[in-house]
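Engineer: Going by our numbering, the sequence shown opens with residue 12, and the numbers climb by one from there.
Sharing a structure below in structure tokens format, with a few things to ask.
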Amino acid sequence: MRRSILSPERDYVFSDFFHLAYPTEDIVKEFGIDYSLAPLELPRKEIAEKPVRRFQEELTMKLPKISLNSEVARRDFLIAPILLELLNFIDGRISAEYPLEVERNLRGTLDYLVRTDKQLMVIEAKKADLDKGFTQLAVELIAVARYEEDAGPLFGVVTTGDLWKFGKLEGRRVTKDMDVYRVPKDMVDLFGVLVGVLT
12 MRRSILSPER DYVFSDFFHL AYPTEDIVKE FGIDYSLAPL ELPRKEIAEK
62 PVRRFQEELT MKLPKISLNS EVARRDFLIA PILLELLNFI DGRISAEYPL
112 EVERNLRGTL DYLVRTDKQL MVIEAKKADL DKGFTQLAVE LIAVARYEED
162 AGPLFGVVTT GDLWKFGKLE GRRVTKDMDV YRVPKDMVDL FGVLVGVLT
């Protein structure tokens with residue numbers, strides 16, 4: 012039988028998984044979940060491009076004037092404006108710093124939880140390191156799936172604000188998308204996926 016890589020002498024919160032040196036595959040295995048890296052067929056919606064292009068141009072003009080040297084700066088000046096713009100395309104609700112406690116080692120705070128009548132999405136904000144950030148996101152998706160119980164496939168995204176990488180938890184497998192969306196360059200594609208996932 013495989014020994015646990017998690018210390019029995021301590022309890023873990025979501026953010027602890029970002030700092031562990033183990034690969035995502037080993038960490039999610041602790042919760043009975045398999046891991047894969049593959050191109051994800053993400054839901055996409057045709058959206059009105061004009062407002063997104065306008066938002067893209069505005070962001071392109073303002074970004075050089077903003078110092079993005081911390082996670083808080085990236086959340087405030089990149090991620091939050093994108094989520095506010097997203098509300099123009101979905102009928103949903105965004106919760107920031109959403110507390111979640113499911114069981115030992117599956118608890119902590121979700122940076123953002125976006126919920127519509129049809130779907131929900133977890134968004135994990137990071138200053139850097141999408142790979143370790145994805146490990147944390149994967150654990151958060153596992154926690155949400157257990158909390159929601161009857162949830163179908165769950166989607167999440169880890170982002171530094173200028174890079175967005177999606178993941179999907181379905182059944183006993185979490186998949187990390189091979190692709191990454193860049194902001195502001197891929198803004199229309201990113202919004203198509205965000206809206207597609209949530210509607």
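Glycine included, every Cβ here is placed at the ideal spot set by N, Cα and C.
1. Thinking C-beta only, is GLY172 closer than 8 Å to ILE90?
2. Three-state secondary structure (DSSP) at GLY172?
3. Between which two residues does the beta strand (DSSP E) holding PRO110 run?
4. What residue from PHE88, LEU70, LEU131, ARG115 has the CA that sits closest to TYR106's CA?
5. Since ASP37 contacts ILE16 with CB under 8 Å, what's their CB separation in whole angstroms?
6. DSSP three-state label for LYS143, please.
7. Pick from LYS61, ILE153, PRO195: whose alpha carbon is nearest that of ARG184?
8. Checking contacts by CB at 8 Å: is LEU111 closer than that to chain C?
9. Helix, strand or coil, according to DSSP, for GLU211 in the structure here?
10. From the DSSP output, in three-state form, read off GLU160 for me.
Structural biologist: Here's the rundown:
1. A distance below 8 Å separates the beta carbons of ILE90 and GLY172.
2. coil
3. 103–114
4. Residue 106 is actually Ser in this sequence, not Tyr. It is LEU131 whose Cα lies nearest to the Cα of SER106.
5. 6 Å
6. DSSP places LYS143 in helix when its eight states are reduced to three.
7. ILE153
8. Judged by its chain identifiers, the structure shown contains no chain C, having just a single protein chain.
9. Nothing in the structure corresponds to residue 211, since the chain is present only between 12 and 210.
10. coil
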